[in-house]
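Beneath this line is the structure, given in structure tokens, with notes to follow.
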């Protein structure tokens, strides 16, 4: 994947504004984003390796809270003290609340057959309280511009652009 672009989203519930920049080369992908929510500001960075596998995730809120996680790209995670995070074993991607950007990570990494669901174990990060946990998610490519997203008792149809970036996440995010 080769990409060098900025994108902005408006959060609908709760109201937020995000600006994100993605630079992808044959060597790696680097993502930087800033989100302003009613309760805090958030700066995040994600680095993917040359196979689009997550290697580092760093979140820093304006109140000083910081969370940094590292992955070996094979599903083994550790924290900033190099302590293993066994609860995230097998997670290949990360999903950060509150941004639709991280929905694109499995879109970029996988081959897709229309109508065929794919299951993912995600390192789900809640920036509201800076916690993380394993989340089982299913994505199904419906056509060139839509994916069905399912997780626990939640389901949504996400609209994407030609770069597989989310342009509409019904009820939660839309382009700004």
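Residue numbers (our numbering): 45 to 220. Built from N, CA and C at the ideal position, the CB exists for glycine as well.
Discussion item. Taking 8 Å as the limit between beta carbons, can you name the residues of its chain near residue 96, skipping five residues before and five after?
Written reply: These residues qualify, in order along the chain: 45, 73, 149, 152, 153.
Discussion item. With the cut-off set at 9 Å, would you say residue 106 and residue 77 are in Cβ contact?
Written reply: In this structure, residue 77 does not lie closer than 9 Å to residue 106 by Cβ.
Worksheet item: Which residues does DSSP pair with residue 186 in a beta bridge?
Response: Residue 186 is not bridged by DSSP to any residue.
Worksheet item: For residue 113, which of helix, strand or coil comes out of DSSP?
Response: Residue state, collapsed to three classes: strand.
Worksheet item: Under three-state DSSP, which class holds residue 150?
Response: It is helical.
Discussion item. Just to confirm my understanding: we take residue 217, look at its own chain, exclude 5 residues before and 5 after, and list those with CB closer than 6 Å. What are they?
Written reply: Excluding residues within five positions, the ones whose Cβ falls inside 6 Å are 53, 55, 144.
Worksheet item: Between 193, 50, 172, 127, which lies nearest to residue 64 when the distance is taken from Cα to Cα?
Response: Of the candidates 193, 50, 172, 127, the one whose C-alpha sits nearest the C-alpha of residue 64 is 50.
Item to complete: Apply the 10 Å Cβ neighbour rule to residue 62 and answer buried if 16 or more other Cβ atoms are within range, or exposed otherwise.
Response: Looking at its Cβ environment, which holds 16 or more other Cβ atoms inside 10 Å, residue 62 is buried.
Practice prompt. Compare the C-alpha of residue 134 against each of 122, 198, 90 and name the closest.
Written response: That would be 122, whose Cα lies nearest to the Cα of residue 134.
Worksheet entry | Buried versus exposed call for residue 206 [16 or more other C-beta atoms within 10 Å across all chains shown] | Counting every other CB atom within 10 Å of its CB across the protein chains shown gives residue 206 a total below 16, marking it as exposed.
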